[in-house]
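Working notes, structure below.
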Amino acid sequence: MKFKKILSLLLGTVMVSSLLVTNPTFADEDNNSKLELSPIENSFKENSKDDELLISPLKTSYDSVKAGVRAAIPSKYDLRKTNRVSSVKNQGQNGSCWTFATYGSMESYLKLFGTEYDFSEKHMRNMHGFDWGPNDGGNRDIATSYLARGTGPILEKDDPYDAYINVSPTNVKRAFDIDKVIYLPDVHNANETNVIKQAIMEYGGVYTTLSSQKYYEKKESRSYYNPGSGKADHAGTIVGWDDNFSKNSFQTKAPGDGAWIVKNSWGTSFMDGGYYYVSYYDGFCGKSNAVFIPQRKDPNAVISQYDDFGATRSVGYNMQGYIANVFTSDEDQTIYQAGLFTVAMNTEYKLYIVRDLKSTDDLTANREEIGSGVIEYPGYYTLDTNQIKVKKGERFAIVAYMNSSASKYKYPMPIEMPVANYASKATAQEGQSYVSSQGDKWTDLTKEVRNANACIKAIGTTGEVLPRDTVPEVDPNEVIEEPTSITVKEGSQGFISVKKKGKLHATVQPEKFNNDPVVFESLDKNVAVVKNDGTVYPVSVGNANILIKTVDGKITQRFNLLVAPEGIRVPDRKMIEVTGDNDYDPKTDPDNTEIPVVPPKPPIDNQKLDPKVIRSLGVSVPSVTIKQGDKFDLNPKILSYPQTAIRKFDFKITDTDIIDIDSKSVITAKKIGRTKVDIKTKEGLQTSITIIVIPKEKGEIKIEKFAPSKRRAGIFTVFIDAKEGDRNYSGPAKLTVRSGKRTLNRTIYFNSGHAKSKFHGGQFGVWRKDFEATITIRNHKETIKFGF
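Pasting the structure below:
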């Protein structure tokens with residue numbers, strides 16, 4: 001993944017005031033329209049560091065929400081009944097509820113394809129880059145910016161959750177790309193309630209805000225209703241509803257029946273196994289709603305972007321305008337998508353590209369339209385475009401025309417700009433972003449709004465453009481063996497007398513990794529220190545958190561040790577193994593710890609002094625997939641330290657029928673299958689990588705069945721059967737259904753040759769009679785017409 005704006009800038013300390021520049025010189029001269037900046041969200045200044053949930057400064061408009069068709073929506077619906085929710089988690093003593101609500105939505109969506117994914121809330125919490133720290137809360141906009149810029153989602157196994165550790169690895173790779181984040185309207189009436197219900201049925205769990213005041217809990221009925229006292233300070237995932245849940249079942253009687261089923265992040269002991277019923281009339285549930293939809297990751301993706309913080313405000317020329325970003329391509333690539341934030345309902349857009357850009361005149365004279373449409377809800381969307389090849393070193397621009405007149409919102413064009421106490425580190429430079437009222441005369445955005453960039457991303461690839469889908473093409477259940485966890489014999493907590501020394505025992509899991517070394521580190525060295533062999537030396541009475549991790553730092557576990565006064569036993573805690581009297585002397589151990597080292601075999605005394613000798617060896621990825629008959633240079637995947645070392649390796653292949661590898665580290669894929677390659681240095685350092693060889697060509701796609709069901713109460717289903725060669729097809733496809741001017745596009749997934757997709761009256765009104773459906777699998781496309 002390549003970025004045009006270095007993400008390390010997120011850690012900078014530049015503080016910039018966020019004021020609109022009022023110099024009239026920079027207004028477009030083709031008419032009297034002047035660029036206007038949106039106001040900050042009214043409640044933004046109410047943020048407190050005591051909250052888990054931050055209010056975003058970004059204002060959104062939902063003025064054009066239409067009434068839905070209630071007849072197509074059941075009175076009761078529960079994603080738990082159809083195995084569409086991931087497991088309940090526990091955030092612990094940390095304000096990270098918003099990350100659990102985010103992934104509660106994304107993981108629920110992926111359950112549609114039969115697999116449970118577990119993403120790292122800790123990584124999102126620690127690496128979002130906004131002003132508020134890992135313990136201080138977040139919101140849907142912070143989650144969206146983290147995902148849109150390509151930082152996540154990271155798998156849980158690559159950065160396991162810990163409520164107290166505020167650092168995360170920087171060398172982990174995201175598991176998916178983001179397809180879209182849909183910002184659904186706040187619930188104020190039945191129309192908006194139906195929008196949330198339809199989203200749950202179509203996508204899965206919905207991110208929402210909540211109040212966490214204990215007073216309003218009623219454990220007997222596992223319910224919650226806060227009529228509006230206080231403010232939203234928590235987030236969860238709506239996974240269903242019950243229209244008939246009694247208004248009398250709440251701590252305080254609600255105005256009417258009905259409740260949302262909400263998945264919380266306080267562990268399975270909370271309410272109903274981690275779930276509870278929140279009244280439709282709750283003052284905070286059903287606000288700031290969102291669904292987070294991933295798509296298949298492109299391993300060769302290039303994101304050209306300037307908006308690391310995403311949309312923080314928006315601008316407009318009276319409900320419309322043009323906005324552009326200019327980039328220089330770092331390599332040959334194919335642009336095939338644009339990433340666009342929207343802030344208003346039913347925003348009309350047109351996308352353009354400008355090749356070989358030399359001046360701002362080219363933004364008018366040489367732009368080529370590559371996509372258009374209407375985006376129903378605010379949020380973030382990766383929009384398919386015509387495929388355009390761009391050369392290395394070429395300056396190009398992505399231009400967007402945006403119009404929000406359907407919702408009568410004056411500021412349709414999202415921008416990133418500094419906002420104090422939120423995104424104060426946002427920066428921009430002249431020559432990056434431009435605005436225009438009519439698309440013919442252009443102004444540098446920084447001349448209008450200080451340190452502002454347009455929220456448009458150019459998404460390209462240095463490889464082949466992959467089929468657009470939401471799940472990996474390879475089997476997501478395929479497991480590449482690697483360490484998954486650390487087991488501590490003593491459990492998660494224990495105690496020891498301040499007068500004794502003891503020992504902890506930790507083992508890497510699964511069993512084949514039991515002998516791998518682990519690293520012990522005391523996070524509270526003023527209470528206890530710990531040696532590499534797990535020996536614990538108390539220093540003073542108190543609590544010490546001890547971090548245990550694998551040598552590469554990918555797997556971590558925490559143990560809480562209470563150092564008790566002499567002669568005191570601690571209820572509900574077991575004493576750890578005592579190995580003798582405490583003979584610790586800080587004078588002989590000034591650092592209070594040892595730095596773990598995995599020694600080479602055997603160690604060479606002068607090795608540390610020789611810059612030509614490799615002292616550390618690893619690989620950047622656990623596995624590589626190659627097509628049969630292709631060649632692959634393994635050398636860039638091998639990591640060594642120091643950089644001055646001579647890189648000479650010996651290779652050992654487990655199955656030489658599958659691949660060959662030459663002295664220059666080039667692999668030739670001979671046979672379909674998988675094998676391991678051991679990589680060694682002459683000093684004895686060793687690592688390994690798995691090579692997976694897949695078929696070169698795929699079979700011809702044939703559609704065996706493509707037909708709708710009968711329509712009842714506005715609901716109908718489209719059924720499709722497909723083959724790939726002589727086998728049943730399994731994989732993604734695009735389904736488009738049209739009726740009149742109404743068009744719905746979906747990504748569906750074939751399982752053993754079969755796929756289906758349901759539509760209801762809220763999507764196509766019951767008065768619509770004539771339909772057309774198109775199924776697209778790779779380059780194969782078929783269309784049917786049908787009516788009711």
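For the record, in the sequence shown the residue sitting at position 602 is 602 according to full-length UniProt numbering, with numbers rising by one throughout.
Glycine included, each C-beta is placed from N, C-alpha and C at the ideal position.
Quiz item: chain B beta carbons: is any one of them nearer than 7 Å to that of Lys-769?
Solution: The displayed structure is made up of one protein chain only, and chain B is not part of it.
Self-check item: Start-end ranges of the beta strand (DSSP E) lying completely within the segment 546-594, minimum 3 residues
Solution: Listed in chain order, they are 556-564 and 577-581.
Quiz item: In the structure shown, what three-state DSSP assignment does Ile-692 receive?
Solution: Working through the sequence shown from its first residue, we reach residue 692 at position 692. Three-state DSSP puts Ile-692 in a strand.
Practice problem: Determine the DSSP secondary structure at Gln-686, reduced to helix, strand or coil. | Solution: Position 686 of the sequence shown, counting from 1, holds the residue named residue 686. Gln-686: strand per DSSP, three-state reduction.
Quiz item: Alpha carbon to alpha carbon, how far is Ala-235 from Cys-97?
Solution: By 1-based counting over the sequence shown, the position of residue 235 is 235. By 1-based counting over the sequence shown, the position of residue 97 is 97. Rounded to whole angstroms, the separation of the alpha carbons of Cys-97 and Ala-235 is 6 Å.
Exercise. For Ile-720, collect the residues of the same chain with a Cβ closer than 6 Å to its Cβ; drop the 5 residues on either side in sequence, then sort them by chain order.
Key: Locating residue 720 in the sequence shown gives position 720, counting from the first residue. Cβ neighbours of Ile-720 beyond the five flanking positions: Phe-706, Ala-755 and Ile-775.
Self-check item: Within 7 Å, strictly: CB atoms of Ala-148 and Gln-93
Solution: Numbered from 1 along the sequence shown, position 148 holds the residue referred to as residue 148. Numbered from 1 along the sequence shown, position 93 holds the residue referred to as residue 93. Contact check for Ala-148 against Gln-93 fails: the beta carbons are separated by 7 Å or more.
Practice problem: Could you tell me the boundaries of the beta strand (DSSP E) in which Asp-242 lies? | Solution: Along the sequence shown, read from residue 1 onward, the residue named residue 242 stands at position 242. In this chain, the beta strand (DSSP E) harbouring Asp-242 covers 234-242.
Quiz prompt | Among Asp-552, Ser-497 and Trp-442, the one whose alpha carbon lies nearest that of Ser-485 | solution = Within the sequence shown, residue 485 is the residue found at index 485, counting from 1. Checking every option, the nearest Cα to that of Ser-485 belongs to Asp-552.
Quiz prompt | Val-302, enclosing beta strand (DSSP E) - first and last residue | solution = Your numbering for residue 302 matches position 302 in the sequence shown. First-last of the beta strand (DSSP E) with Val-302: 301-304.
Quiz item: What three-state label does DSSP hand Val-508 in the structure shown?
Solution: The residue labelled residue 508 in the question sits at position 508 within the sequence shown. The answer is strand: DSSP assigns Val-508 an E or B state.
Practice problem: Give a yes or no on whether the C-beta atoms belonging to Tyr-146 and Gly-137 are separated by under 7 Å. | Solution: Residue numbering aside, residue 146 sits at position 146 when the sequence shown is read from its first letter. Residue numbering aside, residue 137 sits at position 137 when the sequence shown is read from its first letter. Taking 7 Å as the Cβ cut-off, Tyr-146 and Gly-137 do not qualify as a contacting pair.
Quiz item: Do you know whose CA, among Ser-709, Ala-344 and Pro-611, lies nearest Lys-785's CA?
Solution: Locating residue 785 in the sequence shown gives position 785, counting from the first residue. Ranked by Cα distance from Lys-785, the first of Ser-709, Ala-344 and Pro-611 is Ser-709.
Quiz item: By how many angstroms is the C-alpha of Phe-100 removed from the C-alpha of residue 823?
Solution: Lying outside 1 to 788, the shown extent of the chain, residue 823 is not represented and no answer is given.
Quiz item: In three-state terms, what does DSSP make of Asp-257?
Solution: Within the sequence shown, the letter at position 257 stands for residue 257. If DSSP states are grouped into helix, strand and coil, Asp-257 belongs with coil.
Quiz item: At what residues does the beta strand (DSSP E) containing Arg-746 begin and finish?
Solution: Locating residue 746 in the sequence shown gives position 746, counting from the first residue. For Arg-746, the uninterrupted beta strand (DSSP E) segment begins and ends at 742-750.
Quiz prompt | Runs of beta strand (DSSP E) wholly within the segment 646-679 (minimum 3 residues, chain order) | solution = Complete beta strand (DSSP E) runs here, min 3: 650-653, 659-661 and 666-669.
Quiz prompt | Residues of its chain near Arg-778, where Cβ-Cβ distance is below 6 Å and the 5 sequence neighbours each way are ignored | solution = For the purposes of this step, residue 778 is taken as the residue at position 778 of the sequence shown. Here Arg-778 has Pro-467 as same chain residues with Cβ atoms under 6 Å from its own Cβ, once five neighbours each way along the sequence are excluded.
Quiz item: What's the C-alpha gap between Gly-129 and Lys-499?
Solution: By 1-based counting over the sequence shown, the position of residue 129 is 129. By 1-based counting over the sequence shown, the position of residue 499 is 499. Computed Cα separation, rounded: 43 Å.
Self-check item: Proximity of Ile-715 and Leu-735 at Cβ, strictly below 7 Å
Solution: In the sequence shown, residue 715 corresponds to position 715, counting from 1. In the sequence shown, residue 735 corresponds to position 735, counting from 1. Against a cut-off of 7 Å, the Cβ pair of Leu-735 and Ile-715 comes out as no contact.
Self-check item: Neighbourhood of Ile-646 by C-beta distance below 6 Å, restricted to the same chain and skipping five residues each side
Solution: Within the sequence shown, residue 646 is the residue found at index 646, counting from 1. Excluding sequence neighbours, Ile-646 sits near Lys-612.
Exercise. Kindly provide the ranges of any alpha helix (DSSP H) runs that are 4 or more residues long and lie completely inside the segment 168-220, ordered along the chain.
Key: Fully enclosed alpha helix (DSSP H) runs of 4 or longer: 190-203.
Quiz prompt | Pairwise C-alpha distance: Tyr-409 and Thr-687 | solution = Indexing the sequence shown from 1 puts residue 687 at position 687. Indexing the sequence shown from 1 puts residue 409 at position 409. Counting only the Cα atoms, Tyr-409 lies some 57 Å from Thr-687.
Quiz item: Can you tell me where the alpha helix (DSSP H) with Ser-108 in it begins and where it stops?
Solution: Within the sequence shown, the letter at position 108 stands for residue 108. It spans 97-110 - the alpha helix (DSSP H) in which Ser-108 sits, taken as one unbroken run.
Quiz item: Among Leu-155, Ile-40 and Ile-238, which has the Cα closest to the Cα of Ser-105?
Solution: Within the sequence shown, numbered from 1, the residue matching residue 105 stands at position 105. Comparing alpha-carbon positions, the option among Leu-155, Ile-40 and Ile-238 lying closest to Ser-105 turns out to be Ile-238.
Quiz item: When we look at the beta-carbon of Ser-18 and count the other beta-carbons within 10 Å, is it buried (16 or more) or exposed?
Solution: As a first step, residue 18 must be located in the sequence shown, where it is residue number 18. Since pLDDT at Ser-18 reaches only 36, below the 50 mark, its modelled position is unreliable, and the value read off the structure follows with that caveat. Buried, because 16 or more other Cβ atoms sit within 10 Å of the Cβ of Ser-18.
Quiz prompt | DSSP beta-bridge partners of Asp-272 | solution = As a first step, residue 272 must be located in the sequence shown, where it is residue number 272. According to DSSP, residue pairing for Asp-272 in a beta bridge involves Tyr-275.
Quiz prompt | As assigned by DSSP and simplified to three states, the class of Thr-484 | solution = Sequence index remark: in the sequence shown, residue 484 carries index 484 (1-based). Three-state DSSP puts Thr-484 in coil, outside helix and strand.
Quiz prompt | Range of the contiguous alpha helix (DSSP H) that encloses Asn-126 | solution = Locating residue 126 in the sequence shown gives position 126, counting from the first residue. Where Asn-126 is concerned, the enclosing alpha helix (DSSP H) stretches over 121-127.
Quiz item: How many Å lie between Asp-585 and Lys-574 at the Cα?
Solution: Start at 1 with the first residue of the sequence shown, and residue 585 comes out as number 585. Start at 1 with the first residue of the sequence shown, and residue 574 comes out as number 574. Near 26 Å, if we compare the C-alpha coordinates of Lys-574 and Asp-585.
Quiz item: Can you pull the DSSP bridge partners for Asn-403?
Solution: Position 403 of the sequence shown, counting from 1, holds the residue named residue 403. DSSP output for Asn-403 lists Gln-320 and Glu-348 as bridge partner(s).
Quiz prompt | Buried or exposed by the 16-neighbour rule on C-beta atoms within 10 Å, applied to Lys-391 | solution = Here residue 391 corresponds to residue number 391 of the sequence shown, with the count starting at 1. That one is exposed.
Quiz item: Terminal residues of the continuous beta strand (DSSP E) containing Asp-141?
Solution: By 1-based counting over the sequence shown, the position of residue 141 is 141. For Asp-141, there is no enclosing beta strand (DSSP E); the enclosing alpha helix (DSSP H) has its first and last residue at 140-148.
Exercise. Since I believe Tyr-276 is in contact with Tyr-225 (beta carbons under 8 Å), could you give me their beta-carbon distance rounded to a whole number of angstroms?
Key: Within the sequence shown, the letter at position 225 stands for residue 225. Within the sequence shown, the letter at position 276 stands for residue 276. Their Cβ separation, rounded to whole angstroms, is 11 Å, which puts Tyr-225 and Tyr-276 out of contact at 8 Å.
Quiz item: Helix or strand or just coil, what does DSSP make of Asp-610?
Solution: In the sequence shown, the residue the question calls residue 610 occupies position 610. In the three-state reduction of the DSSP assignment, Asp-610 falls in the coil class.
Practice problem: Keeping to the same chain, check which residues put their C-beta closer than 7 Å to that of Ile-672; ignore five residues upstream and five downstream. | Solution: What you label residue 672 is simply residue 672 of the sequence shown in a count that begins at 1. Here the set comprises Gln-628, Val-693, Ile-694 and Pro-695.
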